[in-house]
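First up is the structure itself, then whatever we jot down about it.
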């Protein structure tokens, strides 16, 4: 029995967005594990999967935008609850919307955390390369203009 025929197109879109946001959240969790484990092969696969999820979410966002506008509302975080409240099954639609917002906020937080891990790994790699090149790893000192200067504790011994 096909229940999609009984559901409003906006409910179908919200359900698909919710499913996709859960997939993206799982990707971000896997990405975190791969970053911490420095598993580049897994990162390549996860990046492809994450890109597929974000593309799908973008497409579903367009569908939701069209459906909301067709009902005379704007596709904004303030208007969507009003739009959903005007439809049959408003309680169910509202619950889907709230869960979607919660998932997207969790995705944003996970993505920021993964970005911080990536940046820390990049800095460690740069530091290791600097050591291999024979560069000293002195802490940066900031001048009055805000520029970093790695000259703390260093003196010029002479000029030729």
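In our numbering, the protein residues as written are 1 to 160.
We treat Cβ as the ideally placed atom computed from N, Cα and C, and that holds for glycine.
Practice item. Measure the beta-carbon distance from residue 14 to residue 87 and round it to whole angstroms, keeping in mind my assumption that it falls under 8 Å. Key: Locating residue 14 in the chain shown gives position 14, where the first residue counts as 1. Locating residue 87 in the chain shown gives position 87, where the first residue counts as 1. Contact doesn't hold; Cβ gap of about 11 Å is too wide.
**Study point:** Local conformation of residue 101 per DSSP, three classes
**Key:** Reading the chain shown from its first residue, position 101 is the one you call residue 101. In the structure shown, residue 101 sits in a helix (DSSP, three-state: H, G or I).
Check your understanding: What is the residue span of the alpha helix (DSSP H) that residue 33 lies within?
Key -> As a first step, residue 33 must be located in the chain shown, where it is residue number 33. Counting along the chain, the alpha helix (DSSP H) containing residue 33 begins and ends at 9-37.
Point to revise | Whole-Å CB distance - residue 47 paired with residue 24, under 8 Å assumed | key: The sequence position of residue 47 within the chain shown is 47, counting from 1. The sequence position of residue 24 within the chain shown is 24, counting from 1. In this structure residue 47 is not in contact with residue 24, their Cβ atoms being roughly 12 Å apart against a cut-off of 8 Å.
Exercise for review: Give the straight-line distance between the Cα atoms of residue 73 and residue 124, rounded to the nearest whole angstrom.
Suggested key: Here the question's residue 73 lines up with position 73 in the chain shown. Here the question's residue 124 lines up with position 124 in the chain shown. Taking the straight line from one Cα to the other gives about 49 Å.
Check your understanding: Per DSSP, what kind of secondary structure is residue 182 in: helix, strand or coil?
Key -> There is no way to answer for residue 182, as the model of the chain reaches only from 1 to 160.
Review point. From this set, 89, 113, 20, 80, which residue's C-alpha is nearest residue 8's C-alpha?
Key: Working through the chain shown from its first residue, we reach residue 8 at position 8. Per the C-alpha coordinates, the member of 89, 113, 20, 80 positioned closest to residue 8 is 89.
Review point. For the alpha helix (DSSP H) that contains residue 81, what are its first and last residues?
Key: Walking along the chain shown from the start, residue 81 turns up at place 81. Residues 79-85.
Exercise for review: Find out if the Cβ-Cβ distance for the pair residue 49, residue 27 is shorter than 8 Å.
Suggested key: Within the chain shown, the letter at position 49 stands for residue 49. Within the chain shown, the letter at position 27 stands for residue 27. Their beta carbons are under 8 Å apart, which means residue 49 touches residue 27 by this criterion.
Practice item. Determine the burial state of residue 34: buried for a count of at least 16 other Cβ atoms within 10 Å of its Cβ, exposed for fewer. Key: Numbered from its first residue, the chain shown carries residue 34 at position 34. When all chains shown are included, residue 34 counts as buried.
Check your understanding: Quick one, are the C-beta atoms of residue 17 and residue 64 less than 8 Å apart?
Key -> Taking the first residue of the chain shown as position 1, residue 17 is located at position 17. Taking the first residue of the chain shown as position 1, residue 64 is located at position 64. Against a cut-off of 8 Å, the Cβ pair of residue 64 and residue 17 comes out as a contact.
**Study point:** Rounded separation between residue 67 and residue 131 - CA only
**Key:** Locating residue 67 in the chain shown gives position 67, counting from the first residue. Locating residue 131 in the chain shown gives position 131, counting from the first residue. Cα to Cα, the separation comes out at about 57 Å.
Review point. Going by beta carbon distance, what residues of the same chain come within less than 6 Å of residue 133, once the five residues before and after it are set aside?
Key: On the chain shown, position 133 is the one that residue 133 refers to. For residue 133, there are no CB contacts under 6 Å within the same chain when 5 residues up- and downstream are skipped.
Review point. From residue 122 to residue 115, what distance separates their C-alpha atoms?
Key: Working through the chain shown from its first residue, we reach residue 122 at position 122. Working through the chain shown from its first residue, we reach residue 115 at position 115. Distance between the alpha carbons of residue 122 and residue 115: 10 Å.
Review point. From residue 39 to residue 118, what does the alpha carbon distance come to, in whole angstroms?
Key: By one-based count along the chain shown, residue 39 stands at place 39. By one-based count along the chain shown, residue 118 stands at place 118. When rounded, the distance between both Cα atoms is 12 Å.
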